[in-house]
Each structure stands twice: as C-alpha cells, then as structure tokens.
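Student:
There are 2 protein chains.
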Amino acid sequence: MKNNVIVIGKGPAGISCAVYLKRYGLDVIIIGRDGGALEKVATIDNYYGFYNISGKELLENGYAQAKRLGIEIKSEEVVEITKEENFSVITDQNTYEAGYVVLACGTSRNRFVMAEKFSNVSYCATCDGFFYRKKKIGLIGNSTYMAHELSVLENMCKDITVFTNGLPLDVKMNSNILVVQDKIISVLGEDRIQILKTEKQEYPIDGLFIALGQASGYTFAKHLGIETLDSKIVVDQNFQTNIKGLYACGDLIGGLLQVAKAVADGANCATSIQKHIQLNK
Amino acid sequence: MKNNVIVIGKGPAGISCAVYLKRYGLDVIIIGRDGGALEKVATIDNYYGFYNISGKELLENGYAQAKRLGIEIKSEEVVEITKEENFSVITDQNTYEAGYVVLACGTSRNRFVMAEKFSNVSYCATCDGFFYRKKKIGLIGNSTYMAHELSVLENMCKDITVFTNGLPLDVKMNSNILVVQDKIISVLGEDRIQILKTEKQEYPIDGLFIALGQASGYTFAKHLGIETLDSKIVVDQNFQTNIKGLYACGDLIGGLLQVAKAVADGANCATSIQKHIQLNK
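Chains A and B, in that order, give the protein sequences.
Residue numbering for the first sequence follows this note's numbering, beginning at 1 and increasing consecutively.
Residue numbering for the second sequence follows this note's numbering, beginning at 1001 and increasing consecutively.
1) Measure from the C-beta of Thr1271 (chain B) to each C-beta in chain A and report whether the shortest distance is under 9 Å.
2) Assuming Lys232 (chain A) contacts Ile253 (chain A) under a Cβ cut-off of 8 Å, what Cβ separation, rounded to an integer in Å, is found between them?
3) On the CB-based measure, 16 or more other CB atoms within 10 Å of its CB, does Ala115 (chain A) come out buried or exposed?
4) What is the residue span of the beta strand (DSSP E) that Lys1200 (chain B) lies within?
5) What's the call for Met1146 (chain B), buried or exposed, on a 16-neighbour Cβ count within 10 Å?
6) The alpha helix (DSSP H) with Leu139 (chain A) in it runs from where to where?
7) Could you tell me the alpha carbon to alpha carbon distance between Lys222 (chain A) and Ala248 (chain A), rounded to whole angstroms?
8) Just the chain A side, please: which residues come within less than 7 Å of Ser1016 (chain B) by C-beta, in chain order?
9) Going by alpha carbons, who is nearest to Glu1149 (chain B) out of B:Tyr1024, B:Asn1174 and B:Ala1211?
10) Is Gly1250 (chain B) closer than 9 Å to Val1101 (chain B) when the C-beta atoms are compared?
11) Does Ile1029 (chain B) come within less than 9 Å of chain A when only Cβ atoms are used?
12) In its own chain, which residues sit with a C-beta less than 6 Å from the C-beta of Val1041 (chain B), not counting the 5 before and 5 after it?
13) Can a CB atom of chain A be found closer than 9 Å to the CB of Asp1034 (chain B)?
14) If contact means a Cβ-Cβ distance below 9 Å, which residues of the region 1231-1251 of chain B contact chain A?
15) For a contact defined as C-beta to C-beta under 7 Å, what are the partners of Tyr96 (chain A) on chain B?
16) Checking 9 Å against the spacing of the C-beta atoms, do Met156 (chain A) and Arg133 (chain A) come in under that value?
17) Assign Phe220 (chain A) to one of three DSSP states: helix, strand, or coil.
18) Would you check if the region 1017-1030 of chain B and the region 27-44 of chain A touch, i.e. whether three or more CB-CB distances between them fall below 8 Å?
19) How about Gly70 (chain A) and Ser16 (chain A): are their beta carbons less than 9 Å apart?
20) Verify the CB distance criterion: does Val1162 (chain B) have a CB-CB separation below 9 Å to chain A?
21) To the nearest angstrom, report how far apart Ser1119 (chain B) and Asp1170 (chain B) are at their CA atoms.
22) Nearest-angstrom Cα distance between Asn1052 (chain B) and Val1113 (chain B)?
23) Examine chain B for any beta-carbon lying closer than 9 Å to the beta-carbon of Leu153 (chain A), and answer yes or no.
24) What are the residues that DSSP puts in a beta bridge with Lys1074 (chain B)?
25) Taking 8 Å as the line, does the beta carbon of Gly166 (chain A) fall inside it for any heavy atom of the ligand ATP?
In structure tokens:
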C-alpha cells in the first residue's frame, strides 16, 4: 500500500486535514472542484479568530494557506473512486493513485429521494449497470458526473434516456442519447419503478440511475460500499470508514455543521492517518 | 438555577464557546487573566484560515471578535469557584453568580508532583484547611492565587510558612507570615511529609498546601470534586463534568492540544449547554 494521501474536498475540513498531513511530513494532494456549501455563506461571525468574513474569503484564505505550505490543489471534479491494492481517484481530467483517501467533500446534495424506496434504483453505474444489460434505463443528472456514469452505462445498456429534471444540460453529449429536460413529477410502480412521469409525458423504464450534481460522499459511499446512517458516512473514532485506508471528515460524517467542527475533524483525521502510517512502517 | 453562563478562559476554547452561547441568545460573560499557552506561540500555520499568525495576534482577534458580538470579557483572575444552588465565581476583584460555568482555562501547569504521593498534601485550602487547625503548615506559591489560599488558611492555622520555590513573590503580604524564597530540593517523610528541604535549610511541617501559578482546571477540579484522569478533566459527550452545570472544553479535557480542536470543543460545548437550557425551560 502506498503511503501518500489524497484529500477530496477543498473546504475547511479538507484543507485543515491536508495542512496537518503536510506538517506530519506526508505526501498529500487535494482534489476539489469548489468550496461547497461555504461558497454561498455571506457572513461568518462564529469561527474563532474571524469576524464578518464571507465564506468565499475564508475559502480563499484556506487555498492560500495550503499553497504556501506547498500543498498542491487540483481543481478537478472527482467522478469515481475505486479500490484494489491502492485507491484510484478518477477525475474529469486525470487518474490519481493513493494508499489513503480522505473524503472531505461536504454534505450530499444529490439524492433523489422520490425514487429511493424502489428496488431498481441505483447510485452506481459501475456497481449495477450489469443488471440492466439490454434493458431500458433512465439516468438522472445534467453534469460532468452524469456524463461519467453515462459512459459506464453505455457499455452495457442500449436504451438510455437522460433526465435533467428541469435543469439545463451542463455537458456535451452524443446526439444518439435522448435527453429529457422536463421536471419529473412522479415515479410510478409497486416494488420496482415502471414509469417516470414528467410534466409532459410518461416514460416506461426498467431501472433508474441517479447521478445528480457532483459525486458526493454519499455517491462514493454507494460506489465503494461505505457504511452510512441517515445519509451520513459512518466513521470510527479514528475517522476511518469501514473501508481500510478510506477516511472521512467534516459535514459528511454529521455532527455540528460548522466550520469550527470541520476544521477540528480535519486535524484529528490527519493525526489518525499519521499514526496509522507510523505504526505500519 | 440561573440561566446565565460564565466562561473561564479567554483562549480559543473559551472565546469560541462564548461566541456560540451569545449567538444562541444566552447571557454570557468571559473571565480570564491571560491567553494562556497560546500567548507564547510565535507562529501558527496550521489553524484553518490563517498563515503565519502569532499566538498573540490570534488571541487579539478572538478578544475583538467577542467584543464586537457584545460579549463582556473580564480580565480578572479566578481564584475560587463554589457551588450551592448556583455557582459563585470568585476573582481577585469580584464575585459573580451563574447557573452554568464552563472551564476553558487550558492545561494545568501548577502541580507540585514531588509532593503528591504524600497524604498530607492538598490543592484546596477551603476543603482541607480545617484538618490542620493549629498545626504547622507550608503553602507553596508566589501569586494572587497563593494569597487567596493563604487568606483562607489564616482563619484556621496559626503557623504558616509560604514557599515561593525560587520564584519572586508576586503579591503584597502581611509581614507576620514567613516567606521562604529558596528552591525546594526535596520532600522528606514516609506516608506523610515531615520535612521540606530547601537549598539552605530544612523546615518541619504537618501539612502542605499547593497554590502554584494561577488556579487552573486542575485546581478547580480539586476544589469542587471534579473527576480527573491523568490530570485532565473528565467530561461526558456533552462536555459536562460530573458536576451538574459545570462544563469544560479545550486543552484541559485532553485530546489534540491544538487551536482547531479547542475551537470545535467550544462550539460543541456551547451547543450542549443551549440544548440543556432549552430542555429545562
């Protein structure tokens, strides 16, 4: 197993974690597309040491802090994580290998709750695409991450319809894929979804894949088999998930959804990884 | 029980806790003599959002942040805390009452380990002075807090010698008290201390009281009967000690001795107090 760490997420938890890892002398990079929930916060008064700072400014401080300590931040979107001996972190641009991965990419905002009670719904094309070979499937999403899931599904399924659920399509697509931009108003079926109903039409499907927004902690949990509870990732006292070498910290593990807590999570998580690497030298 | 909170300590844990309490709409004041361990830190690089800031600057930011949110900071030294229905927090200048007290006054640096194995050693004049009525006692310390302990002991004991253990005397004292400024080099006795030996002389004593430096979390623990483990204060998951209404956060409860962790402790501790007050309305 390699001894380097990839931190996914460049908000408070991710930067704090990477700063500590770097200070412990470890090889670390950060990958993250944006600053997540904090980007939209107008004013923060309750994070120690600051008064009346915007989320955006605080994030910029964090990026500068990491860079000054020599930590590289890749502003790429992670679309998939796989594990063999090491982890492969696949972004929209590259693939990176690491012995340790830290998920610090914030709360999931990409569930499609309306469909979740049905048995033929999946958050992972790689895991479940196979079960829908030659079937008629729907894929919900409008982004880079949806395009990634689509590229996986296209190898197995022939009849795919993309539903943007009212959002504009954010990526270029092959013209042979039907894209429905109407809002989905209901999901019909008993145990399995049979029909997706939009404002304008009904679409019969055999299965539904969900790839809303960016891949999130919740997405990676579904892909990797990480234990979750109420859509939060479950970690032990060392911030490790049930998958060895895969850690998580910040909002996506629950608790107080505050900068202060995310920052401390990052520091504690880094300390656990450092101890683990020391012990296994 | 009153619904107000006194936070003892104006470092990262104390300020963070008070800021959250204030934002929850609670009546809170901070009492603290100085910024503790952080005052002496030349550079901090690993607290999220800052780079190359001194401990002193970060503390100043914290004081300004609290004041701007309307939180009063009393720069007084707490010498005693007592509990009846409410808590009384006694400083070198005033007495304050509160239903809730948060200890956020950093790690204890005022133990006198050389003497601790003996049975006639005490960290609390109020608790144990009575047992040494008319006996010959030693009191170790050189500060305001020592003077407070002395004022308690003087009501009960007639023959008191103050040992500054090599430090200059920091407070004015009545001339009828013998003050020894030599360094203590050993403590002699079996189960009980019988002789305190300084560089120059031997002093026979019946009991020894310790009041080094400022009263710390460890001191208050001894005075109030707070559970400790390895000189750290033990708290439950809500940051409450074994004494109802008495909370603790930051370095004095152990864990990572870092600003990040202290700040999160403060936020979490405040949240617990707020929940407790809500539930008991």
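We treat Cβ as the ideally placed atom computed from N, Cα and C, and that holds for glycine.
As the structure is a computational prediction, the values presented were derived from the model and not from experiment.
Tutor: This is what the structure holds:
1) The residue given as residue 1271 (chain B) occupies position 271 in the second sequence. Answer yes: the Cβ-Cβ gap between Thr1271 (chain B) and chain A drops below 9 Å somewhere.
2) Residue 232 (chain A) sits at position 232 when you count from the first residue of the first sequence. Residue 253 (chain A) sits at position 253 when you count from the first residue of the first sequence. Indeed, because the Cβ distance is near 6 Å, the residues count as touching under 8 Å.
3) Here residue 115 (chain A) corresponds to residue number 115 of the first sequence, with the count starting at 1. Flag for Ala115 (chain A) reads buried.
4) Residue mapping note: residue 1200 (chain B) aligns to position 200 of the second sequence, counting from 1. Counting along the chain, Lys1200 (chain B) falls outside any beta strand (DSSP E), and DSSP gives it neither H nor E.
5) Walking along the second sequence from the start, residue 1146 (chain B) turns up at place 146. Under this definition Met1146 (chain B) is a buried residue.
6) One-based indexing of the first sequence puts residue 139 (chain A) at position 139. DSSP places Leu139 (chain A) outside any alpha helix (DSSP H); the residue lies instead in the beta strand (DSSP E), whose first and last residues are Lys136 to Ile140.
7) Locating residue 222 (chain A) in the first sequence gives position 222, where the first residue counts as 1. Locating residue 248 (chain A) in the first sequence gives position 248, where the first residue counts as 1. Lys222 (chain A) and Ala248 (chain A): Cα-Cα distance of roughly 14 Å.
8) As a first step, residue 1016 (chain B) must be located in the second sequence, where it is residue number 16. By Cβ distance, chain A contributes Tyr48 and Ala260.
9) By 1-based counting over the second sequence, the position of residue 1149 (chain B) is 149. Of the residues B:Tyr1024, B:Asn1174 and B:Ala1211, the one whose Cα lies closest to the Cα of Glu1149 (chain B) is B:Ala1211.
10) Locating residue 1101 (chain B) in the second sequence gives position 101, counting from the first residue. Locating residue 1250 (chain B) in the second sequence gives position 250, counting from the first residue. Gly1250 (chain B) sits away from Val1101 (chain B), with the two beta carbons spaced by 9 Å or more.
11) As a working note, residue 1029 (chain B) is residue 29 in the second sequence. Ile1029 (chain B) has a beta carbon lying at 9 Å or more from every beta carbon in chain A.
12) Taking the first residue of the second sequence as 1, we reach residue 1041 (chain B) at position 41. Counting only Cβ-Cβ distances below 6 Å, and skipping sequence neighbours, we find Gly1055.
13) Along the second sequence, one-based indexing puts residue 1034 (chain B) at 34. Judged by the 9 Å Cβ criterion, Asp1034 (chain B) is not in contact with chain A.
14) Legend: CB atoms of the region 1231-1251 of chain B lying less than 9 Å from CB atoms of chain A are not found in any residue.
15) Counting from 1 along the first sequence, the entry for residue 96 (chain A) is found at position 96. Contact note: Tyr96 (chain A) does not reach chain B at a C-beta cutoff of 7 Å; the least C-beta distance is about 23 Å.
16) In the first sequence, counting from the first residue as 1, residue 156 (chain A) sits at position 156. In the first sequence, counting from the first residue as 1, residue 133 (chain A) sits at position 133. Yes. Within cutoff.
17) Translated into positions along the first sequence, residue 220 (chain A) becomes position 220. Three-state result, Phe220 (chain A): helix.
18) Under the 8 Å Cβ criterion, the region 27-44 of chain A does not count as touching the region 1017-1030 of chain B, having fewer than three qualifying pairs.
19) What you label residue 70 (chain A) is simply residue 70 of the first sequence in a count that begins at 1. What you label residue 16 (chain A) is simply residue 16 of the first sequence in a count that begins at 1. Taking a C-beta distance under 9 Å as the contact criterion, Gly70 (chain A) and Ser16 (chain A) do not qualify as a contact pair.
20) Looking up residue 1162 (chain B) in the second sequence gives position 162. With 9 Å as the cut-off, Val1162 (chain B) does not count as an interface residue toward chain A.
21) Reading the second sequence from its first residue, position 119 is the one you call residue 1119 (chain B). Reading the second sequence from its first residue, position 170 is the one you call residue 1170 (chain B). Pairing Ser1119 (chain B) with Asp1170 (chain B), the inter-Cα distance amounts to about 29 Å.
22) The sequence position of residue 1052 (chain B) within the second sequence is 52, counting from 1. The sequence position of residue 1113 (chain B) within the second sequence is 113, counting from 1. Going from the Cα of Asn1052 (chain B) to the Cα of Val1113 (chain B) covers about 36 Å.
23) Counting from one through the first sequence, the residue named residue 153 (chain A) turns up at place 153. The C-beta of Leu153 (chain A) comes no closer than 9 Å to any C-beta of chain B.
24) As a working mapping, residue 1074 (chain B) is identified with position 74 in the second sequence. According to DSSP, residue pairing for Lys1074 (chain B) in a beta bridge involves B:Ile1031.
25) Only the bare structure without any ligand can be found here, which leaves the ligand ATP out of the picture.
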